[in-house]
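The next block holds one structure in the form of structure tokens; read it before the comments.
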Amino acid sequence: MEVQETRVQTDRILTIPNILSMARLVGVPVFLWLILMPVFGGPNADGWALAVLMFSGVSDYLDGKLARRWNQISSLGRLLDPAADRLYILSTLVGLTWREILPLWVTGALVARELMLLVMVWILRRHGYPPPQVNFLGKAATFNLMYAFPLLLLSDGTGWLAWLGSVFGWAFAVWGTTLYWWAGVLYVVQVRRLIKADAATAD
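Take any residue in the sequence shown, count from 1 to its spot, add 26: that is its number in our numbering.
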């Protein structure tokens with residue numbers, strides 16, 4: 027999660043926020059296995075897959091909040107949290123697209139944004155800079171997507187509950203994808219400014 031630079035950072039590993047992030051990482055292959063079981067002839071386990079997704083969303087909120095409240099912000103946590111976010115988004119995209127719940131254009135838009143960010147990280151490393159910190163807009167986009175994916179999974183059924191899942195799921199998905207790209211463009215602007223400042227200093 028986004029944190030204030032004035033907070034104390036530690037090198038501790040076994041903190042509650044880090045354990046929550048690690049649990050989210052462990053849940054990634056579990057979620058993929060659960061959501062893809064019907065594709066390979068297994069029983070439908072969407073309820074369990076939905077529970078794993080909901081745990082991911084709750085833990086994503088809690089790890090940053092607890093890290094700030096208990097002064098347990100750590101270098102490892104700064105790596106684990108965005109890594110868990112991205113892996114969950116990627117695994118969910120794979121699962122929902124494979125199940126044909128999510129159209130390819132949404133998957134393509136989100137994957138293209140991730141590829142753009144990878145290029146920016148590569149450029150920063152070439153100039154000796156670390157990856158950009160997660161900003162509020164990026165976290166807001168992730169929260170929207172974390173709400174969208176369980177609702178879209180819920181929409182793969184019949185009845186009023188599936189209808190509500192579809193309506194609200196698509197609302198969160200469209201808004202989350204828009205914010206995700208907006209945050210990505212801001213990263214590109216930040217990288218461009220850093221590289222220009224480097225070039226000016228070199229001159």
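All C-beta atoms, glycine included, are put in the ideal place defined by N, C-alpha and C.
Legend entry - Beta-carbon proximity of Leu-205 to Asn-161, cut-off 8 Å: By 1-based counting over the sequence shown, the position of residue 205 is 179. By 1-based counting over the sequence shown, the position of residue 161 is 135. Not in contact: Leu-205 and Asn-161 (Cβ atoms no closer than 8 Å).
Legend entry - Proximal residues to Leu-76 (C-beta, below 6 Å), its chain only, five neighbours per side dropped: Taking the first residue of the sequence shown as position 1, residue 76 is located at position 50. Once the five neighbours on either side are set aside, the close Cβ partners of Leu-76 are Pro-176, Leu-179.
Inset, instruction - Could you give the DSSP three-state label for Ile-115: helix, strand or coil? - result: Within the sequence shown, numbered from 1, the residue matching residue 115 stands at position 89. In this structure, Ile-115 counts as helix in the three-state DSSP scheme.
Legend entry - Segment contact, 8 Å Cβ cut-off, at least three pairs: the region 104-123 with the region 79-86: yes
Legend entry - Ile-45, DSSP secondary structure in three states: Position 19 of the sequence shown, counting from 1, holds the residue named residue 45. Here Ile-45 sits in helix by DSSP.
Legend entry - Where the alpha helix (DSSP H) containing Arg-139 begins and where it ends: Position 113 of the sequence shown holds residue 139. Secondary structure note for Arg-139: its alpha helix (DSSP H) is the uninterrupted segment 130-152.
Legend entry - DSSP-derived helix/strand/coil call for Ile-264: It is not possible to answer for residue 264, since the shown part of the chain is limited to 27 through 229.
Inset, instruction - Answer with buried or exposed for Lys-165, where buried requires no fewer than 16 other C-beta atoms within 10 angstroms of its C-beta. - result: Taking the sequence shown and counting its residues from 1, the one referred to as residue 165 is at position 139. Buried is the label assigned to Lys-165, since at least 16 other Cβ atoms lie within 10 Å of its Cβ.
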